[in-house]
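Take a look at the structure set out below.
There are 4 protein chains.
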Amino acid sequence: MEKVKFGVIGMGNMGSLHAENLLKMKEVELKIVSDPRVDEVMDLTSTLGIPKIAANWGEVVEDPEIDAIVVTAPTVLHYEIISSAINSGKKWIFTEKPVTHDLRSAKKLLELVEKNNIKLQVGFNRRFDHNYKKIHDIIEGGKIGEVHIIRDVTRDPEIHGVDFLKGSGGLFYDIFIHEFDIVRYIISQEVERVYAVGSVKWEPRIKELGDYDTAVVVLEISGGAIAVIEGTMKSVYGYDQRLEAFGSKGSILILNDRETTTVLSDGNGLLLDKPFQDVPPYRPLRHTKHRYEESYFEELYEFVRCIVENKTPLPTAEDGYKANLVAECAKISSKENKPILVGNFEGI
Amino acid sequence: MEKVKFGVIGMGNMGSLHAENLLKMKEVELKIVSDPRVDEVMDLTSTLGIPKIAANWGEVVEDPEIDAIVVTAPTVLHYEIISSAINSGKKWIFTEKPVTHDLRSAKKLLELVEKNNIKLQVGFNRRFDHNYKKIHDIIEGGKIGEVHIIRDVTRDPEIHGVDFLKGSGGLFYDIFIHEFDIVRYIISQEVERVYAVGSVKWEPRIKELGDYDTAVVVLEISGGAIAVIEGTMKSVYGYDQRLEAFGSKGSILILNDRETTTVLSDGNGLLLDKPFQDVPPYRPLRHTKHRYEESYFEELYEFVRCIVENKTPLPTAEDGYKANLVAECAKISSKENKPILVGNFEGI
Amino acid sequence: MEKVKFGVIGMGNMGSLHAENLLKMKEVELKIVSDPRVDEVMDLTSTLGIPKIAANWGEVVEDPEIDAIVVTAPTVLHYEIISSAINSGKKWIFTEKPVTHDLRSAKKLLELVEKNNIKLQVGFNRRFDHNYKKIHDIIEGGKIGEVHIIRDVTRDPEIHGVDFLKGSGGLFYDIFIHEFDIVRYIISQEVERVYAVGSVKWEPRIKELGDYDTAVVVLEISGGAIAVIEGTMKSVYGYDQRLEAFGSKGSILILNDRETTTVLSDGNGLLLDKPFQDVPPYRPLRHTKHRYEESYFEELYEFVRCIVENKTPLPTAEDGYKANLVAECAKISSKENKPILVGNFEGI
Amino acid sequence: MEKVKFGVIGMGNMGSLHAENLLKMKEVELKIVSDPRVDEVMDLTSTLGIPKIAANWGEVVEDPEIDAIVVTAPTVLHYEIISSAINSGKKWIFTEKPVTHDLRSAKKLLELVEKNNIKLQVGFNRRFDHNYKKIHDIIEGGKIGEVHIIRDVTRDPEIHGVDFLKGSGGLFYDIFIHEFDIVRYIISQEVERVYAVGSVKWEPRIKELGDYDTAVVVLEISGGAIAVIEGTMKSVYGYDQRLEAFGSKGSILILNDRETTTVLSDGNGLLLDKPFQDVPPYRPLRHTKHRYEESYFEELYEFVRCIVENKTPLPTAEDGYKANLVAECAKISSKENKPILVGNFEGI
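Protein chains in written order, with the working numbering: chain A, 1 to 348; chain B, 1 to 348; chain C, 1 to 348; chain D, 1 to 348.
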């Protein structure tokens, strides 16, 4: 079997993690990566044994030997990179979430992808996490009956730098985007109306960006369920991602995975170990276990399997667009203090 | 010490429970109860040893020997009963929640109470529950820092009959009212804006009443926190009341109390025992343990202690009015599909 | 209905608790209590409204009006008190555990009880605790199949004074006695062989008494199961009593009840509230909730119901004797470093 | 850096798993494996890309290119294989537990290892499991003070075939061996006296082998702690391995890791997901997540690191011998119904 030749664009934390995962797959040959910070990244790529590093993502996109690309550049560059890749004839694209940083570009991208018959997978890794997958399967299997309510919570351990935030699309596009997708995924229905309330609790400069670090979003779902998502950009006890679905036959919830199952009893009570944390700062070949470790491998391995077997990978560009659509409605709702009908923004 | 003489108006489930609790208190003499269903209630009162039963609540209100009354008649009668009691010179009144079934009557009642210097305690029993008290104390003690988010859930095990619902004030006035109070209680701040989405999932006749059996309410709080309350009138796994508060230094949550701590392991997984259920149908002297058992005793005993020591009992008529205010805003918001500023309804 | 007239012998912590519980029962009239420390106890009895207090337990035993007595004097006095009561014609006796402080006196007492057709209930309150009852019912219902292993743990929060220990019968007779009974109760089988290892970890003076504060006991049960009991006289995190049974179809375990269900999350992890503590130092009419509160009421109320309905209360004097039998074997085993066949000591 | 050349003896479930782990390590070249069932194993080795497979383990042992061997043949062959390897000049040996199937051979092996200055690591993988490591670190850090009691439980999900059992050394040598090691590891002390009770509950043919499928073992530890280990060869709810240590300052326990954190609530109660299961039947490149997955990788990677850095890997042949010593005492104790002093068997 000939190996699938990969290029990775962007060697920040996520790019490095995806690169190391690709190197573990026997079906894959990682031929090139790009990052403007060539000097900083050099050590890493040589330790990992990646044969080539380019300063410019154009080199990856135009490399005729490359079968598939992984896009982990800042979100604001996604549209330009992916559309160039499509123009260069690339058919297999894995992009980090969100597909793009706004709704208009996401729509254009979706059209481009559909017109050119591109296989594009969006990095909604939660769909590949054992807990979220199980909640999806339980709902699909009818075990909790008709879903009435979804309660979702997301907390990041730390605020990324303000520079990152500027290029990220903001709270709804960068962080809540996972939740918008996961709600659609577990219930297999669409969002119809969105109401959002945001506030700034942690970082005053976020206010200057017109963004929030704390928010609540209420989603009315096509089948009549109501979903509530609460999220914060920071949490002193670290990563916190839980979800509950309540239905006519019962409820299902997922708790945080924790580092160990230890319980320490003393005069203060019973202390359970901390939840697993977010992806740690990347160090080649020396990982610290983190919450979504397996899901990052699994999503990419699914992408590779789809290439090998010529199947369409999920979640698609359309899933990416639909999540952006909800993010856009949340953004507008939070500014205008009123619920927003998603239908009014579709087609934009 | 002379005993405090009590009368109880309404000998339904809650009235019977309060009567039995009064009978356990050495400081109290329960002299009279009233209920239009005298024949049905006779057995009960004689078993409990209550000396007198009247068909008409007027007899209790006008009885010159009675120091304090407990109002557990249907909510729609609260205003009439309580205002009559005040006119008859009663100074100590304990009333079940909600104070009244709408906002206007709650406002009038509050004015009457204040003008006549009445000591009125509202039956928000959760304030006397060990779990909610602890969450309040933890927040007050600053252990989770500034509160950013409150996530509250309430599920009743079964829908009360449609007849009950008609006189109850509906989902927001009868069920969510506890949550509106508990949010105010644990954070010691006021609600400023309310957004509510309701739906009918369990009982079509509720739609005919213009009410909901399922709803989500978002509250914006004076200090900048956001609270989300989700609730349903029914749940196949029974009573479900949990609350989480997230703040700058950590989070605190309460789980449901369960009947036992047993864990049964077999091929299906680990089965934990069911949560405690709601107040069971009253049977004199033969109780089934239920979730808020202690809190019902404690709230009433606090009322009695306040009488004995001539102190003002909490929660007050003003607390009752403020909860109704939020309920009214939720009702309007859910009908008009927009957030409602509480300030616009104050003074009504 | 005529009330059952009770006398209570011994107004220490347990006596006071039982007295207050008797005062709550409409079927009971508590006529007299005795305690050598009359002056100390006077306040308490007058607060509770107990009409008479005697310095000498003989007064209770010989009072012709008394139908039933509760024995909560030090264990070393049990045999003398109970045999006197029997001689005085008392037929209904509730005694705290252990029935007596050694095996020989327990045997003599059992013979006396059987010869005189006495209804004697031993205060093994755990049989009336919701958790242990549930484990018993699950096993009896066959849900875990044939029981293979029982794992039992008991930890007291604090060592009672050395004076108390002298009259208590020691670790196996005073503390493990509950476990010996509960194992017999949940599995409805007898102990056949006993192996015990003891050590002194907390209080050197216990060594001087020839006793232990820490021990492990292995019981081989008639049906082929093996039970292991581990226990300590002290624990810094307080009361700890859990039990697990493993069988051919699954396992069942009980955890400690905790004061609240709160979970506090911060940088250290997730902190669950402490387990409920032991019976607190008695203060009349002002209880602090403790682990076995309900079971103390329930066991005594069961005794009262048996009197009213003239039935035989459980656990019986024979149950008391059998627990002492296992305690004796454990004591000998720990001294002689070998397993002891229970059959060799029966009849002694 | 030159790669470390490995040979693996035995390509059953554990051998295959170790082989696949070796293939993931950049520091390793897996040159040869052996298994008498060459035809059965051929597919696997070619899928994995292992260059050579021998029918006879002698080929691995004598291959002059091989730096290090992994021994996963049946336990009865361990002594012969390892001593041959030592005679052939091999210095780095990783062997599955137990080191050998009895005490005498373990002693001889230890002498051989010490005389020849061999670096031998025993596959007590639990020492590399996140939960057991944490309990070790907590105890070592003094957080629970002086350890008084250890409660350990082990249950395998299914009984290996009777053929396997014959060559395995039996319940104490094959299964409890992990517990004997882990007790020594977490408390850093030695076992002084052993008492064991065994029974046959699941598989009558085990009785014919003179072995048990269910047992309880009490260990008296040098520093004065008492450890109790309970174990069964089968459990309907699957793998169950928990441990608790109680000390002067508190207690620490570990629960089973579970497949997901889901909680399903319905009328039966709250259902938590099953514990992770044992190593599943090996399928190349398609693993099912299991409880000790990481620990198997970590122990072998530690072995490789020690080779690269020329350090002594742990646990050593002496650790292997000491665990066998306790297993032997347990075996004798269970037969002779008396506690056995370990010192009496040392040197044998």
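The beta-carbon is built from N, C-alpha and C at its ideal position, and this holds for glycine as well.
Please state whether DSSP places residue i in a helix, a strand or coil.
{"i": "Ala-55(A)", "result": "coil"}
{"i": "Gly-214(B)", "result": "Checking the displayed sequence, the identity of residue 214(B) turns out to be Thr instead of Gly. Correct three-state label for Thr-214(B): strand."}
{"i": "Arg-242(B)", "result": "strand"}
{"i": "Phe-354(D)", "result": "Past the edges of chain D, shown from 1 to 348, lies residue 354(D), and the structure says nothing about it."}
{"i": "Gly-10(D)", "result": "coil"}
{"i": "Glu-29(A)", "result": "strand"}
{"i": "Val-99(C)", "result": "coil"}
{"i": "Val-191(D)", "result": "strand"}
{"i": "Asp-43(D)", "result": "helix"}
{"i": "Arg-291(C)", "result": "coil"}
{"i": "Thr-75(A)", "result": "helix"}
{"i": "Asp-174(D)", "result": "helix"}
{"i": "Ser-34(B)", "result": "strand"}
List, in order along the chain, the chain A residues whose C-beta lies closer than 9 Å to that of residue i?
{"i": "Asn-13(B)", "result": "Ordered by position in chain A, no residue passes the 9 Å Cβ test against Asn-13(B), which lies about 26 Å from the chain."}
{"i": "Lys-143(D)", "result": "Leu-264 and Asp-266"}
{"i": "Ile-82(D)", "result": "What Ile-82(D) touches in chain A: nothing, since even the nearest Cβ is about 31 Å away."}
What's the gap between the Cα of residue i and the Cα of residue j?
{"i": "His-101(C)", "j": "Ile-307(C)", "result": "27 Å"}
{"i": "His-78(D)", "j": "Val-122(D)", "result": "11 Å"}
{"i": "Gln-241(C)", "j": "Gly-247(C)", "result": "20 Å"}
{"i": "Glu-146(C)", "j": "Ser-105(C)", "result": "35 Å"}
{"i": "Gly-15(D)", "j": "Leu-271(B)", "result": "36 Å"}
{"i": "Asp-39(D)", "j": "Lys-31(D)", "result": "18 Å"}
{"i": "Ile-139(A)", "j": "Ser-251(A)", "result": "9 Å"}
{"i": "Gly-269(D)", "j": "Leu-314(A)", "result": "35 Å"}
{"i": "Glu-59(C)", "j": "Ala-73(C)", "result": "14 Å"}
{"i": "Phe-176(A)", "j": "Thr-154(A)", "result": "8 Å"}
Strictly below 8 Å CB to CB, what residues from chain A border residue i?
{"i": "Thr-261(D)", "result": "Asn-131, Ile-254, Leu-255, Asn-256 and Asp-257"}
If we call anything under 9 Å between Cβ atoms a contact, is residue i one with residue j?
{"i": "Phe-128(B)", "j": "Glu-328(B)", "result": "no"}
{"i": "Lys-331(A)", "j": "Ala-225(A)", "result": "no"}
{"i": "Lys-289(A)", "j": "His-130(D)", "result": "yes"}
{"i": "Ile-118(D)", "j": "Ala-317(D)", "result": "yes"}
{"i": "Lys-26(D)", "j": "Lys-3(D)", "result": "yes"}
{"i": "Val-304(B)", "j": "Leu-17(B)", "result": "no"}
{"i": "Lys-52(D)", "j": "Val-28(D)", "result": "no"}
Run down chain D in chain order and give the residues with a C-beta less than 9 Å from the C-beta of residue i.
{"i": "Thr-232(C)", "result": "His-148, Ile-149 and Phe-246"}
{"i": "Ile-226(C)", "result": "Val-197, Gly-198, Ser-199, Thr-214, Ala-215, Val-216 and Glu-230"}
{"i": "Val-153(C)", "result": "Ile-149, Arg-151, Glu-244 and Phe-246"}
Residues bridged to residue i by DSSP?
{"i": "Ser-16(A)", "result": "Ser-16(A) is not bridged to any residue."}
{"i": "Trp-92(A)", "result": "Ala-68(A) and Lys-119(A)"}
{"i": "Arg-151(C)", "result": "Val-228(C) and Glu-244(C)"}
{"i": "Ala-196(B)", "result": "Val-217(B)"}
{"i": "Asp-266(D)", "result": "Gly-269(D)"}
Please list the partners that residue i has in chain B, where partner means a Cβ-to-Cβ separation under 8 Å.
{"i": "Leu-120(D)", "result": "Those do not exist, as Leu-120(D) stays about 38 Å from chain B at its closest Cβ, beyond 8 Å."}
Using a Cβ cut-off of 7 Å, pull out every chain C residue sitting near residue i, in sequence order please.
{"i": "Asn-337(D)", "result": "Pro-339"}
{"i": "Glu-220(D)", "result": "Val-197"}
Please list the partners that residue i has in chain C, where partner means a Cβ-to-Cβ separation under 8 Å.
{"i": "Ile-135(B)", "result": "Thr-262"}
{"i": "Ile-138(B)", "result": "Thr-262 and Leu-264"}
Whose Cβ in chain D lies nearer than 8 Å to the Cβ of residue i?
{"i": "Tyr-237(C)", "result": "Gly-250 and Ser-251"}
Just the chain B side, please: which residues come within less than 9 Å of residue i by C-beta, in chain order?
{"i": "Lys-274(D)", "result": "Ser-265, Gly-267, Asn-268, Gly-269 and Leu-270"}
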